[in-house]
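J.: Quick one: this structure, given as structure tokens, is what I'll be asking you about.
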Amino acid sequence: MRLIELAIVDYVVVGAGVAGLRAAIALAMSARGRWRPRIWVLAKDSLAESNTRYAQGGIAAALSDEDTVYFHLQDTLQAGAGLSDPEMARILVEEGVRRVEELIEWGAVFDRTGGRLVFTLEGAHSRRRVLHAGGDATGQEIVRVLMQKAQSLPAIEFHADAFTMDLTVTDDGRCGGLLVLMGPSPPRLVHVRCRGVVLATGGSGRIFRYTTNPPFATADGLGLAFRADLPFQDMEFFQFHPTALNVPGAPHFLLTEALRGEGAWVVNAAGERFLFRHDPRGELAPRDIVARAMFLEIQQTGTPVCLDTSPLGESFARERFPRVAQVCAQFGLTLGRDRIPVVPAAHYYMGGIRTDAWGRTGLPGLYAAGEVACNGVHGANRLASNSLLDGLVFGARAGQALWEDTEGIPMRTKFPALPASYQKPPPAELPSEPPPFPDLAWKHCGLVRTETGLKTALEHLSEWLRTWPYPVPVRWVMEALNAMQTLYLLAGFAYLRQESRGAHYREDCPAERPEWRRHQVFRPSELARLGIGS
Ligand code: SIN
């Protein structure tokens, strides 16, 4: 493959959502007054697009008078089904308070009444602690403020339409750069040399047929970490959001959990609030319990499930959830009056590239933060509205650690060798479309799994991966590869975990087992050595 350009900068942050922006800000602010590094922030689409932008419900932080970080910690640990790492969770809730206050100092406008912040309730929270902005546009407000802050720091340069294909590694085993497809079509392939990288590529929902995530959430960071054979953790734990819009022809638009927090009910075709048969907390049980109960109800009755929004009333619903109300109206549904058809859909990956508390991965010089990373904070099931907080807290930590770990160490300008596969010519012909992996994932790796189903998934994925072209400087081909490699990990980890816990439910071993109260950590090569998928 022919490289067109070389570039040298100090640091690269891949992703312009909450974690990436906060990491870039931390890097630039750490350097201030010493020297001005060149920090590139890469976004694969426009700078306005990231998973963060679509976050509705809010950001959890123990800031209300009735709350404490202790209560927030307890709720986080309990939702995590025994696998949420207590030290990571402590960092999240303690530092989260400061990170949110800082966001307010930088200009974030969270909803208030009479000048005081208002907090909503969501599933598995024992207190009202979820801040929101513009009613249901919290992610958009957070990105606006972080982008404004980052753009005020001269060290940071933004590049839109920059799709990262792979990492490059120096002779002494450090992450030394990236291979990036830059610019709109036709893109140039650029080898970027740098002293360190923060991966903050966000979500992976598009590996499944039904997801709340936007089309670009294709597991890109996980795919390139797969090809670098990094250690992954907890890859069997993928969260399904209980309430995605379920109207023929409509996208699976997220209907925020805050709707239930404010009083909406989940009902079956007979109008029964059936969730109480599964958990005394009903609509406000943890997400894994609610989503699975809904899935089973739909499966067993063959009829749809709805979110009855009438308890909210039309005028409150319109004012409190303007964006959701607008989308519902497009499909002839009135929020605050109607029963809205809903279905669980893939939402958030608890698992990811294994990191320590500072975002350090298994490859020196490579850091990861936000949804692509896993330090165990969310365990087997993330507490609602802890994800934006995770991006802020651990994004800031990753940026700071990258600065501190590399400060004063000169960067050698020699470019690392390209991965061996880049030496060969690209394939003459490309497939016309990806294999049907999203359907396979939905069927065998979704809310209810079995050993046989996972084995079937692994067999198909192994075959598809064996023949899928790589490397190809074409974004959709690489996105499909990223998604399939990620799914292979998901299925492999899920196959090995012979119990049910949190978001991972195995019909053939439905109980939680004490001996499985542990994380699974594997490099892709280790899974392959175990014979997974072969
Ligand atoms: C929601 O608003 O329900 C999504 C927020 C989250 O995933 O925590």
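Numbering of the sequence shown is given in this note's numbering, commencing with residue 525 and proceeding in unit increments.
All C-beta atoms in this analysis are idealised placements derived from N, C-alpha and C, irrespective of residue type, glycine included.
(1) Name the residue from R653, C718 and R861 whose alpha carbon lies nearest to the alpha carbon of V533.
(2) From which residue to which residue does the beta strand (DSSP E) around G876 run?
(3) Got a sec: does the ligand SIN put a non-hydrogen atom nearer than 6 Å to the Cβ of G903?
(4) Scan the region 712-769 and note each continuous beta strand (DSSP E) run of 3 residues or more that stays entirely inside, going in chain order.
(5) Taking 6 Å as the cut-off, is the CB of A741 close to at least one heavy atom of the ligand SIN?
(6) Does at least one heavy atom of the ligand SIN sit under 6 Å from the Cβ of A908?
(7) Skipping 5 residues on each side, what residues in its chain have a beta carbon closer than 6 Å to that of R842?
(8) Here's the rule I'm using: 16 or more other beta-carbon atoms within 10 Å means buried, otherwise exposed. How should W1040 be labelled?
(9) To the nearest angstrom, how far is the alpha carbon of D929 from that of M935?
(10) Is T600 near the ligand SIN, in the sense that its beta carbon is under 6 Å from a heavy atom of that ligand?
(11) When burial is assigned at 16 or more other CB atoms within 10 Å of the CB, is W789 buried or exposed?
(12) With distances taken between CB atoms, is the gap from P940 to G701 smaller than 7 Å?
(13) Starting from the C-beta of G720, find all residues in its chain whose C-beta is less than 6 Å away, skip the five residues before and the five after it, and write them out in chain order.
(14) When DSSP labels each residue in this structure, what does W882 get in the three-state scheme?
(15) Exposed or buried, E895, counting other C-beta atoms within 10 Å across all chains shown (16 or more means buried)?
(16) Could you please give the first and the last residue of the uninterrupted beta strand (DSSP E) stretch that includes Y1012?
(17) So, using beta-carbon positions, are R784 and C830 closer together than 7 Å?
(18) Which stretch, first to last residue, makes up the alpha helix (DSSP H) that contains I549?
(19) By the three-class DSSP mapping on this structure, what secondary structure does D832 have?
(20) Three or more C-beta pairs under 8 Å: does that hold for the region 746-766 against the region 1004-1018?
(21) Label G639 either buried or exposed according to how many other C-beta atoms from any shown protein chain fall within 10 Å of its C-beta, with 16 as the threshold for buried.
(22) Can you tell which of K967, H776 and G727 has its C-alpha closest to the C-alpha of V851?
(23) Roughly how many whole angstroms lie between the Cα atoms of A543 and L916?
(24) Hey, is T780 close to the ligand SIN, as in C-beta under 6 Å from one of its heavy atoms?
(25) Any beta carbon of chain D sitting closer than 7 Å to that of W927?
(26) Roughly how far, in whole angstroms, is the beta-carbon of D679 from the beta-carbon of A869, given that I think they are within contact range, below 8 Å?
(27) How big is the Cα-Cα spacing for T937 and Q675?
(28) Just to check my reading of the structure: V866 and N770 have Cβ atoms closer than 8 Å, yes? What is that Cβ distance to the nearest angstrom?
(29) In whole angstroms, what is the alpha-carbon distance linking L836 and Q924?
(30) With respect to the beta strand (DSSP E) encompassing I532, which residues constitute its N-terminal and C-terminal limits?
(31) Taking 6 Å as the limit between beta carbons, can you name the residues of its chain near G606, skipping five residues before and five after?
(32) According to DSSP, E681 sits in a beta bridge with which residue or residues?
(33) For I933, which three-state DSSP category applies?
(34) Excluding the five sequence neighbours on either side, which residues of its own chain have a C-beta within less than 8 Å of the C-beta of E625, listed in chain order?
(35) Since Y994 is in the alpha helix (DSSP H), which residue starts that stretch and which ends it?
T.: According to the data block:
(1) The shortest Cα separation from V533 among R653, C718 and R861 belongs to C718.
(2) G876 to R878
(3) no
(4) 712-717, 720-723 and 762-769, all fully within the region 712-769.
(5) no
(6) yes
(7) A849
(8) buried
(9) 13 Å
(10) Taking 6 Å as the cut-off, one finds no heavy atom of the ligand SIN near enough to the beta carbon of T600.
(11) buried
(12) yes
(13) Y535, G889, L926 and T930
(14) coil
(15) buried
(16) Y1012 -> not in any beta strand (DSSP E); alpha helix (DSSP H) instead, spanning R999 to L1020.
(17) no
(18) V542 to A555
(19) strand
(20) A contact exists between the region 746-766 and the region 1004-1018.
(21) exposed
(22) H776
(23) 6 Å
(24) yes
(25) Reference to chain D is not applicable here, since this structure consists of a single protein chain.
(26) Correcting the residue type first, residue 679 is Ala in the shown sequence and not Asp. Not really, about 39 Å apart at Cβ, beyond 8 Å.
(27) Pairing T937 with Q675, the inter-Cα distance amounts to about 27 Å.
(28) 5 Å
(29) Approximately 44 Å between the Cα atoms of the pair.
(30) E529 to I532
(31) R1041
(32) For E681, which the question treats as bridged, DSSP gives the partners W564.
(33) coil
(34) L587
(35) Taken as a continuous stretch (DSSP letters only), Y994 belongs to no alpha helix (DSSP H), as it is neither H nor E.
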